[in-house]
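Colleague:
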Amino acid sequence: MTLLTRTRTRTRTRWDVARYVGGFAVVPLTLILMPALAAAASLEDTLGRNETRVLSAPVPVPAGCTVEQLALDERLEATGYRRVHQRPTSPGEYFHGREVYWLYRRACRASGHDHDAELIGLALDRGRIVGLRREGRSPQPIRKEDEVWLEPQLLSESLAGDRAERVRLDLSALPERVWRPVLAAEDARFFEHGGVDARATARAVVRNLLAFRVVEGGSTITQQLVKNRDLSPRKTLGRKASEAVRAVELEKEHSKEEILEAYLNTVYLGHVGGVAVHGLGTAARVYFSRAAADLTLAEAAALAAMIQGPNRLSPLEDADALRGRRDWVLERMEELGWAPAEEVARAKASPLRARPAAPGRRAPVHLLSWVREEVEREEGGRSEKGRGFLVETTVDPLLQAVAQRATEEHLEALRRRHRRLRDSSLAAAVVLLDARTGAVLAAVGGPADDPPGAFDRVRSARRQPGSVVKPFVVLEAMDECGRRDPLTPSSRIADEPLSIPAAGGAWEPRNFDGRFLGPVLLREALAESRNVPAVRIARWCGFDATAARFRRAGLDLPATPPPSFVLGAVEETPLAVARAFTVFATPGRVLEPHPVARASAPDGRPLERWRPSSKRVADPAAAYIVRDLLRTAVEEGTAAAGSIAGVEVAAKTGSSSDLRDAWFAGHAGSVVAVVW
C-alpha cells in the first residue's frame with residue numbers, strides 16, 4: 003500500500019464554522035446547500051473560470067492520402083500520443099501497421115463539441131488510406147458522417163503569449179521527496195481535511211488577531227486551487243465563502259490525488275523573462291534545468307518555498323531570502339516525520355544554486371497576438387474581467403512548425419552564404435491560408451523567441467511587393483479592361499521602349515534584364531515578368547481601372563498612385579498580398595483571412611463563431627485564366643523554384659527596385675501561400 007493510499011483512508015475533518023473572522027471565510031450551513039459543481043470530470047481536462055486554452059484546428063484525415071503525406075506519426079507524437087506494437091487499448095496510443103493504422107483518439111473538444119475517446123482503424127493499401135477498419139469486418143469507405151480527424155493540439159494557455167509551455171506531471175510517477183515539501187509548506191493536513199481545514203483556519207485567525215494584521219493564511223491546497231482557477235483575487239467575504247464551498251464540493255467529486263496533481267500542475271511559481279511559470283514541472287525545468295522527478299530534496303523544498311512569494315523568493319532574484327524559507331520547509335518536513343534528520347541536514351547544507359533555462363513557449367507570439375485581438379474584439383468585456391476562454395483556432399500545428407523552422411533555417415543559410423548579410427537585420431514573414439475558406443493555417447511574423455507584443459511582419463510590415471502584383475494588372479485586362487475588349491493569353495504586347503508623362507518628368511520603365519524583346523505573348527510576358535509589357539497593358543486598360551482592380555482585391559493604394567504602382571512600387575503587407583491572391587484560387591472571390599474558428603467559455607458555452615467571409619471581385623473565368631498563366635510562371639518562368647511534384651502550383655515572384663525585398667505568392671492545391 004502506497005503512502006498516498008494510506009493517507010486517503012484517514013478520517014476527513016468536517017467543518018461547520020459559522021462566521022467570518024480576521025479575513026478568513028466561515029460559511030453558514032445554508033451555503034452547503036448551494037448547487038453542486040458540474041458532474042465530475044478529470045481536473046486535467048476541465049478548465050476553471052479564469053483559465054484559458056488556445057487550441058489548434060482538428061486535422062482531417064481524408065481517404066486517398068498516404069500516412070506519410072499526412073505525417074500522422076509526427077502529428078500524433080507532437081500531441082503526446084505513444085506508439086504501441088499492437089492495437090491500442092487506451093486513449094493516447096496509436097499503432098502503425100502495414101494494413102491498418104489504429105488510433106485511439108482521446109476525449110477532446112473540437113469544432114465546438116465535446117467528443118468521447120474513440121478507437122479508429124484506418125485501412126491501408128501500400129501506405130494509402132482506403133477506408134475505415136472495424137474489428138472482424140472488411141474495410142468500409144469513409145463517408146462524410148464518418149469523417150476522421152486528429153484531436154486539436156494545445157497551442158497556449160494564455161491569449162497574451164506570456165505563459166511558459168507547461169510540463170505536465172503525473173503524480174503517480176513523482177517521488178515523494180518532490181511533492182511532500184509542497185504539503186509541508188502549504189497544507190500539511192491535506193490528506194486529513196475535507197477541503198477546508200478548520201484547525202489551520204482557527205490557528206491563522208488567532209495569529210492574525212495577535213499581530214493586528216494578516217501574517218498567516220489558512221487556505222488549504224484545495225482552496226488555493228479553487229481560488230486560482232475560478233475566483234477573483236479580491237479578498238471579500240463572498241469570495242472566501244465561495245472558495246470554501248467550492249473546495250468542499252471539489253473534494254467530493256475528485257480524489258485527493260487528482261486535486262494534488264492538478265495543484266502541482268497549475269501553481270504559480272514566478273515570472274522569468276516576462277513569461278509566467280506555472281506548475282512544478284515547468285519550474286523544475288526553468289530554475290534547475292531538470293525534470294521534476296530528478297529534483298533533489300533541497301531543490302524540491304526550494305520550489306515549495308517559492309509558493310509563498312514566487313517573485314520575491316526567487317533563486318534568480320534573491321537566493322538568500324529563498325534559502326531561509328527553504329530551510330524552514332525542510333525543518334517542517336523533519337517535524338512532520340516526512341524526512342529523516344540526517345537527510346534534512348544534508349539538504350540544508352547544500353548550496354541554493356539555480357541552473358536556469360529559458361521558459362519554452364509553444365505558440366508563436368505573433369500569431370497568438372492576432373488570435374487575441376480577434377477574440378477581444380468580440381469579447382473585450384469578458385477579457386477585461388479576467389475570465390477565461392477556450393479558443394479554437396484554424397491553425398495547422400504541423401504547418402506552423404514547418405513554416406517557422408524553414409524560415410529560420412533559410413535566413414541562417416543566407417547569412418552563412420553571404421558575408422554582407424551576417425550582421426544585417428535580415429527578416430522574413432510567411433502566411434498560409436486555406437484557399438477554400440480563408441482560414442489561417444500558419445503565420446510566421448518573426449523569430450520564434452520574440453517576446454510578447456513583438457512586431458508582426460505578417461500583418462504590419464509594409465514593403466514593396468514588386469512584380470508580385472502583376473497578376474492583378476493581367477486580371478483587369480482579362481476581365482473588364484477598363485471597358486475595352488479584354489485581352490487573352492495569346493494577345494501580343496510590345497516589349498519596346500516606353501515613355502509615360504509623370505508629375506516629376508517622363509517615366510521610362512525598364513525590364514529587369516535591360517533588354518527589349520519586341521512583341522511577346524501576354525502569357526510569356528507574365529511568366530517572364532517583363533516590366534514594360536505590364537505597363538503597356540495597364541495603360542491600355544487605363545491606370546484608373548487597374549488601380550480600382552487592385553483596391554477591389556484588397557491591395558492598398560494611395561488616392562492618386564503613380565503609374566509605377568503596376569510594377570509594385572507601393573507598400574503592402576504579406577497578409578494583404580495573401581488575401582488578394584485568394585482571388586485566383588477561388589476563383590473570382592477574395593477570402594477574408596481569419597485565425598479563429600470559435601471561442602467558448604471554459605465550461606464549453608459558445609461565445610462567438612467566426613464564419614468564412616468573401617466577396618466577388620472578378621469574373622471566375624478571368625481569374626481562372628490568370629491562375630493558368632501563373633502555372634506557366636511556375637513551370638517555365640521566374641517562379642520555377644516553387645514547383646512541387648504532383649501538386650498544381652500557380653505563383654508569382656517579385657522584388658523591390660533596390661532588391662531589398664523578395665516575394666513569393668501563389669497557391670498550391672488548397673493552400674494560398676505568401677513568403678516575404
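Per our numbering: the sequence shown = residues 3 to 678.
Glycine is no exception: its CB is placed at the ideal position from the N, C-alpha and C atoms.
Since the structure is predicted, the reported quantities are computational estimates derived from the model, not experimental observations.
Rounding to the nearest angstrom, what Cα-Cα distance links Pro30 and Ala307 in this structure?
Modeller: Walking along the sequence shown from the start, residue 30 turns up at place 28. Walking along the sequence shown from the start, residue 307 turns up at place 305. Bear in mind that the predicted position of Pro30 carries a pLDDT of just 32, short of 50, making it too unreliable to give a figure here.
Colleague: Check the DSSP bridge columns for Trp665 and list the partner residues they point to.
Modeller: In the sequence shown, residue 665 corresponds to position 663, counting from 1. Answer is Gly656, bridged to Trp665.
Colleague: Tell me whether Pro565 sits in a helix, a strand or coil according to DSSP, three-state version.
Modeller: Position 563 of the sequence shown, counted from the start, is the residue given in the question as residue 565. Note: Pro565 maps to helix in three-state DSSP.
Colleague: I'd like the span of the beta strand (DSSP E) that includes Pro608, first residue to last.
Modeller: Here residue 608 refers to the residue found at position 606 of the sequence shown. Counting along the chain, the beta strand (DSSP E) containing Pro608 begins and ends at 608-611.
Colleague: Any contact between the segment 357-364 and the segment 161-171? By contact I mean 3 or more CB pairs, one from each, below 8 angstroms.
Modeller: Yes, the segment 357-364 touches the segment 161-171.
Colleague: What do you reckon, are the CB atoms on Gly390 and Arg51 nearer than 8 angstroms?
Modeller: The residue you call residue 390 lines up with position 388 of the sequence shown. The residue you call residue 51 lines up with position 49 of the sequence shown. Yes, the pair counts as a contact, with Cβ atoms nearer than the cut-off.
Colleague: Mark Gly383 as exposed unless 16 or more other C-beta atoms lie within 10 angstroms of its C-beta, in which case mark it buried.
Modeller: Here residue 383 corresponds to residue number 381 of the sequence shown, with the count starting at 1. Gly383 is exposed by the Cβ-count criterion.
Colleague: Using the C-alpha atoms, what's the distance from Val673 back to Leu299?
Modeller: Here residue 299 refers to the residue found at position 297 when the sequence shown is read from its first residue. Here residue 673 refers to the residue found at position 671 when the sequence shown is read from its first residue. When rounded, the distance between both Cα atoms is 52 angstroms.
Colleague: Among all the DSSP beta bridges, which residues are the ones paired with Ile131?
Modeller: Here residue 131 refers to the residue found at position 129 when the sequence shown is read from its first residue. In DSSP, Ile131 forms a bridge with Leu126.
Colleague: Note down the Cα distance separating Leu173 from Tyr83, rounded to an integer number of angstroms.
Modeller: By one-based count along the sequence shown, residue 173 stands at place 171. By one-based count along the sequence shown, residue 83 stands at place 81. Cα to Cα, Leu173 sits roughly 19 angstroms from Tyr83.
Colleague: Measuring straight from C-alpha to C-alpha, what distance separates Gly668 and Ala580?
Modeller: Walking along the sequence shown from the start, residue 668 turns up at place 666. Walking along the sequence shown from the start, residue 580 turns up at place 578. Taking the straight line joining both Cα atoms gives about 8 angstroms.
Colleague: Express the C-alpha separation of Phe97 and Leu489 in angstroms, rounding to a whole number.
Modeller: Translated into positions along the sequence shown, residue 489 becomes position 487. Translated into positions along the sequence shown, residue 97 becomes position 95. Each residue's Cα considered, the two are about 56 angstroms apart.
Colleague: Straight-line CA distance for Leu661 to Arg55?
Modeller: For the purposes of this step, residue 661 is taken as residue 659 along the sequence shown, with counting starting at 1. For the purposes of this step, residue 55 is taken as residue 53 along the sequence shown, with counting starting at 1. Leu661 and Arg55: Cα-Cα distance of roughly 42 angstroms.
Colleague: Do you know offhand how far Gly94's Cα is from Glu337's?
Modeller: As a position in the sequence shown, residue 94 is number 92, starting the count at 1. As a position in the sequence shown, residue 337 is number 335, starting the count at 1. One C-alpha to the other measures close to 42 angstroms.
Colleague: Who are the near neighbours of Trp665 in its chain, counting only those whose CB is closer than 6 angstroms to its CB and skipping five residues on each side?
Modeller: Start at 1 with the first residue of the sequence shown, and residue 665 comes out as number 663. For Trp665, where only same-chain residues beyond five positions count, the Cβ hits under 6 angstroms are Pro467, Val470, Gly656, Trp678.
Colleague: Should the segment 69-79 be regarded as contacting the segment 118-133, the criterion being three or more beta carbon pairs within less than 8 angstroms?
Modeller: The answer is yes - the segment 118-133 touches the segment 69-79, with three or more Cβ pairs under 8 angstroms.
Colleague: Taking only runs of the alpha helix (DSSP H) that begin and end inside the segment 68-109, which ones reach a length of at least 4 residues, in chain order?
Modeller: Counting only runs of 4 or more, we get 69-72, 74-80.
Colleague: Mark Asp118 as exposed unless 16 or more other C-beta atoms lie within 10 angstroms of its C-beta, in which case mark it buried.
Modeller: For the purposes of this step, residue 118 is identified with residue 116 of the sequence shown, where counting begins at 1. Exposed, by the Cβ-count rule.
Colleague: Consult DSSP for Ala599 and reduce its assignment to one of helix, strand or coil.
Modeller: Translated into the one-based positions of the sequence shown, residue 599 becomes position 597. In this structure, Ala599 counts as strand in the three-state DSSP scheme.
Colleague: Run the CB neighbour count on Thr588, radius 10 Å, all protein chains shown included, and call it buried at 16 or more, exposed below.
Modeller: The residue given as residue 588 occupies position 586 in the sequence shown. So Thr588 ends up on the buried side.
Colleague: Tell me, to the nearest whole angstrom, how far the beta carbon of Trp151 is from that of Val61; I am working on the premise that it is less than 8 angstroms.
Modeller: Mapped onto the sequence shown, residue 151 falls at position 149. Mapped onto the sequence shown, residue 61 falls at position 59. Indeed, because the Cβ distance is near 6 angstroms, the residues count as touching under 8 angstroms.
Colleague: Go to Ala351, then tell me how far its beta strand (DSSP E) extends in each direction, as first and last residue.
Modeller: Counted from its first residue, the sequence shown places residue 351 at position 349. Per DSSP, Ala351 belongs to no beta strand (DSSP E); it is in the alpha helix (DSSP H), 343-351.
Colleague: If you pair each beta-carbon of the segment 482-502 with each one of the segment 522-531, do three or more pairs fall below 8 angstroms?
Modeller: Because the criterion of three Cβ pairs below 8 angstroms is met, the segment 482-502 and the segment 522-531 touch.
Colleague: Can Pro453 and Gly276 be called in contact, C-beta distance under 8 angstroms?
Modeller: Translated into the one-based positions of the sequence shown, residue 453 becomes position 451. Translated into the one-based positions of the sequence shown, residue 276 becomes position 274. Yes, the Cβ-Cβ distance between Pro453 and Gly276 is below 8 angstroms.
Colleague: Just list the residues that DSSP pairs Gly163 with in beta bridges.
Modeller: Stepping through the sequence shown from its first residue, residue 163 is reached at position 161. Partner(s): none; Gly163 has no beta bridge.
Colleague: Hey, how far is the Cα of Leu370 from the Cα of Ser615?
Modeller: As a first step, residue 370 must be located in the sequence shown, where it is residue number 368. As a first step, residue 615 must be located in the sequence shown, where it is residue number 613. C-alpha separation (whole angstroms): 21 angstroms.
Colleague: In angstroms with no decimal places, state the Cα-to-Cα distance between Val377 and Arg600.
Modeller: Counted from its first residue, the sequence shown places residue 377 at position 375. Counted from its first residue, the sequence shown places residue 600 at position 598. Going from the Cα of Val377 to the Cα of Arg600 covers about 9 angstroms.
Colleague: Across which residues does DSSP place Pro521 in a beta bridge pair?
Modeller: Reading the sequence shown from its first residue, position 519 is the one you call residue 521. DSSP lists Ala496 as partners of Pro521.
Colleague: For the candidate residues Glu344, Pro560, Tyr626, whose alpha-carbon lies nearest to that of Phe583?
Modeller: Within the sequence shown, residue 583 is the residue found at index 581, counting from 1. Nearest option by C-alpha distance: Tyr626.
Colleague: I'd like to confirm something about Asp75: is its beta-carbon nearer than 7 angstroms to some heavy atom of the ligand GTP, or not?
Modeller: Among the components of this structure there are no ligands whatsoever, and the ligand GTP is therefore not found.
Colleague: Can you check whether the CB of Gly590 is closer than 8 angstroms to the CB of Ala620?
Modeller: By 1-based counting over the sequence shown, the position of residue 620 is 618. By 1-based counting over the sequence shown, the position of residue 590 is 588. The answer is yes: Cβ separation under 8 angstroms.
Colleague: Using only the alpha-carbon positions, how far apart do Ser92 and His115 sit?
Modeller: Against the sequence shown, residue 92 aligns to sequence position 90. Against the sequence shown, residue 115 aligns to sequence position 113. If I take the Cα positions, the gap works out to 22 angstroms.
Colleague: Do Leu332 and Val346 come within 8 angstroms of each other at the CB atom, strictly closer than that value?
Modeller: Within the sequence shown, the letter at position 344 stands for residue 346. Within the sequence shown, the letter at position 330 stands for residue 332. Against a cut-off of 8 angstroms, the Cβ pair of Leu332 and Val346 comes out as a contact.
Colleague: Can you look up Asp322 in the DSSP assignment and give me helix, strand or coil?
Modeller: Against the sequence shown, residue 322 aligns to sequence position 320. Of the three classes helix, strand and coil, the one that applies to Asp322 here is helix, per DSSP.
Colleague: CB-CB under 8 angstroms to Val636, same chain, minus the five flanking residues each way: which ones, in chain order?
Modeller: As a position in the sequence shown, residue 636 is number 634, starting the count at 1. Here the set comprises Ala642, Gly644, Ser645, Val651, Ala652, Ala653, Gly668.
Colleague: From what residue to what residue does the alpha helix (DSSP H) around Asp546 run?
Modeller: Counted from its first residue, the sequence shown places residue 546 at position 544. Asp546 -> alpha helix (DSSP H) spans 545-554.
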